[in-house]
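Taking the numbering used here, the leading residue of the sequence shown gets 22, the next gets one more, and so forth.
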Amino acid sequence: LGLHPKQSSNNNAAVYDFYRKFNQPSHVVHLTPSEANLVYSKSDVHNISPYGDQPPLHHIRQSSMAMEQLLKSVGKAKRRPSVVYASSANLGGTVIPSELRNMEDVSAVMNEVMARVYGNSEEEEVGSHRGSIGVRLGRVYGAWLRPNDVLYGMAQRAVRGHDDVIHSDGDSDQDANSMVYVEDAVEAIVAAMQMKSSNRKSGVMTVKSANANANANVVQRFEDVTKVMQQHLNPTNSNTHINENEINSNNDDAPLKRDPTSNELQWQASTPIYEGIGKMLTWHMDQEFPFGYNNNKKKNVPDNRAGLAKKGSASCAPHDEACLANYGVTAALPCASECVPRYSTACTPSALDPLVDMVQKFSRGCHVVMYTSVMGADEVALPLSTSVHPTFDYGTSSLSGKPQPAVCKFAFVAKESPLVKEMVIHAAKGDTRYLEKAATGTSVDDKSFQNLDNRELCVDLPAFNTNLPLKLYKCNGGGNQQWYLDQTGRIRSALDEDQCAFVSAKAKEVYVQQCDFSDDHQVWIVSEDGRYQSKAFPDKVIGVSECSAEPKTILELQDVNACSTAQRWFMGSTPPPPPRKSQAEDAAPQENNGDGSPRDEDYNNFNGKLVNRGWTLVWFTPGEFMTAPELLLPKLSPGKLFAPSVRHAMFIDSFALTTTPVTEDLLFLTDHMYQDALPSRRDSIRLSNGKKKYFQLAPEPERHALAIVSPMRLPEEDEKGKIPLKNIVSKMVEDMGGDSNYEEPPEITAQRVFYEKTSSYVNKVDLRSIYEPIYQFRMN
């Protein structure tokens, strides 16, 4: 609000038509900026500028004119709204300070005087109204403060681990009394909006922080604020604590007696200073470390920062957003959600948290993932099968001509389901029917790569050097001896997952190079007897030079059966697993506690390695009651679940889809998810008279998205007919559990009518390009 500098100075120059411009508002809230004078201080030392240090009365004039215009405009309104305005809690009968930094308090005094004059006046020309309520707010602190605010800078330096939390010595002595948390300030204003001033008189009320109990730590100076911050960040350091005898009882003061409305408010602040400062630090922590805090990287940051966001939140229900917000948790989202940063602590634990790390490991090396979710505890089989080809069997796409990406398929199931239990029992007894073959991607654990001719020797990356051939060395469990076979049939180094074992067309030694899913020289097909066959050279397998497994022996490609056991390999843990049990022992079920259920180690060993109806099973333990957001997480958060190598993910609803998904469907969608920019090009068709007609096609931009539209038909409708959009909307409402005979809301009607008219708008003359005649001329 403010006066227009060139507007005529008639009687209504300062009147603002609230009734007409804001559609008859019931309330007007007038907020003044905290420490407004600091925004303009020292901006110009010359007297010619009204924003400079001289004269300082500009701040008072600016605030007073806005307040008076507001009060007069409200008084002239046909239907006068209630006025709530912000004032300063530093008032209270004290002498008006004369220092520059207290100009805000001086302006607050003048605003209160004007509010009382307008509220107590009965004269029509003054513009009487229903009275106004002034909310005397203390120093507001919390989230979203101005960056040049003193408290903002203190909190920022505290979470960064700086020793000098107070930037200036003068700030340490600043008065920190009457501090109020931002949520309390908002609630106080809302409470003031819900009351009327007694006898149409104007009044004020004071809002200060609350004390949770008699021992709550409250502060007087900013120096005390730093102690409270350090008490949050480093609770083990008793030197930074505020002793009980230093507790200030200022926050227990009753509102000023000159306030005629304070007793009618029936409201008080609920956030003690200690708790409010903790919330403020949590907000700054989230701003400073948006991807989560890692104390190993910043040793000088206090150790308690990682747990600050969850402080006290254990008593909240998992999805009680209001309760979690009181403890600084910025979002009541499950930690497995894609909306939560990977290392963030501001999230709600759920039963799906262990699923993230598992699927990340199982999907390494996949480029396209098709997945489904069947979380029922009574499932005996997956409701839908898939005929997607094995992940290693990819070639060149017939649609794009580009190398076909590696395709993986997963099904998320409940660990305690009969489906998982039966398959794990059979797999533990040596039944390989359900095991995913090595060629389709099995071992995604970091394991040693051992030669069966000498199980004490492991494949080693010499000196961590990718320019040297792979050799055998004594197994030591080191990182350069850790390998895994991904879902595409590539042998990857655990040191660098982008490095894959390969053999060139000229050399016969086995090296490692940058993984490339279009290069068959990196793909290996594992036979049941442990041979690793090259896809590029089908008659060759990995062996050792001179057919003898000795230390420092080089790996090379050899003809099949040239070296018996020296061509057979085992990718497993170090040391090797115990010998296989006898047939009698193998036939006995693997029992746990005598109830016939699989052992925990069997569940862990076979997770991600068993297949049912074409899907690789990944199981976890659901909670007793999984909420709707948790059930939908696998569908909504593929970016959080799958490894960075995955570029496309397609979720299949096993219960809704009746058609078996095939490889061609998946790759068709993948090919159309991205299209390079196409230049203007010429095409032609042959007419019935044998002549060609040429067309000049417009250029097309780069495309990164694909919209799939399917016509909707009801089973009882004629297959050749079409359903009106209005009937489709009614059917959608019925499917969502609503009443299809309901009266359609205006917003849905507007959207439906828009869709109905879209076809009539498309390619209309007034929407066509002005260059269309040129295009037609070129095509003719």
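No residue lacks a Cβ here, since even glycine has one placed at the ideal position from N, Cα and C. Keep in mind that this is a model prediction, so the values were computed, not measured.
DSSP lists no beta-bridge partner residue for P619. Here A107 is actually not in contact with M301; their C-beta atoms are around 20 Å apart, not less than 8 Å. Following the DSSP letters along the chain, one finds G660 in no beta strand (DSSP E) but inside the alpha helix (DSSP H) bounded by residues 659 to 662. F433: member of the beta strand (DSSP E) spanning 428 to 435, first to last residue. I298 and S291 have their alpha carbons spaced roughly 13 Å apart. The alpha-carbon separation between K713 and D704 amounts to approximately 10 Å.
D126 and A213 have their alpha carbons spaced roughly 21 Å apart. Contact check for G224 and S199: beta-carbon distance about 19 Å, past the 8 Å limit, so the pair fails to qualify. In the displayed model, T637 falls within a strand according to three-state DSSP.
Under the DSSP assignment, F689 falls in the alpha helix (DSSP H) whose first and last residues are 684 to 693. Excluding sequence positions up to five before and after L52, its CB lies within less than 6 Å of the CB of A107, all in the same chain and listed in chain order. Below 8 Å, enough C-beta pairs join the region 387 to 397 and the region 666 to 679 to call them touching: three or more.
Distances from the CA of L254 to each of G182, E777, F663 were compared; the closest alpha carbon is that of G182.
Straight-line spacing of the CA atoms in S84 and M124 works out to 10 Å.
Look at the beta carbons and you see the region 437 to 451 touching the region 624 to 637: at least three pairs across the two are nearer than 8 Å.
Within its own chain, the residues whose Cβ lies closer than 8 Å to the Cβ of A698, once the five positions on either side in sequence are excluded, are P720, E721, P722, E723, listed in chain order.
Put simply, the backbone Cα of W165 is about 49 Å away from that of F627. Nearest C-alpha to G386 among P483, Q471, G510, D378: G510.
Taken through DSSP and simplified to helix, strand or coil, N132 comes out as helix. Taking C-beta separations shorter than 7 Å and ignoring five residues to either side along the sequence, the partners of V180 in its chain run L302, H305, M306, E309, R326, following chain order.
Exclusion of the five residues before and after V544 leaves F413, T509, G510, R511, S555, K556, A557 as the residues of its chain whose Cβ lies within less than 8 Å of its Cβ.
Judged by DSSP in its simplified three-state form, E477 adopts strand.
With a 10 Å radius around the Cβ and a threshold of 16 neighbouring Cβ atoms, P766 comes out exposed. V390 sits close to V667, with the two beta carbons spaced by under 8 Å. About 6 Å separates the CB atoms of T642 and A372; that is less than 8 Å, so the two are in contact. Of V138, Y162, K778, the smallest CA-CA separation from E204 is found for Y162. For E296, the uninterrupted alpha helix (DSSP H) run begins and ends at 294 to 309, by DSSP.
Minimum Cα-Cα distance from N762 among the listed residues T369, I749, V104 corresponds to I749.
The C-alpha of C568 lies about 10 Å from the C-alpha of N582. Around the beta carbon of K492, 16 or more other beta carbons lie within 10 angstroms, which makes this residue buried. Under the DSSP assignment, A212 falls in the alpha helix (DSSP H) whose first and last residues are 203 to 214. Where Y392 is concerned, the enclosing beta strand (DSSP E) starts and stops at 389 to 395. In the same chain as L376, and ignoring 5 residues on each side of it, the C-beta atoms closer than 6 Å to its own belong to F641, in chain order. If you look at Q252, you'll find it in the alpha helix (DSSP H) that goes 243 to 254. In the three-state scheme derived from DSSP, where H, G and I count as helix and E and B as strand, L92 is classed as helix. Take the alpha-carbon of E571 and the one of L478: they are about 8 Å apart.
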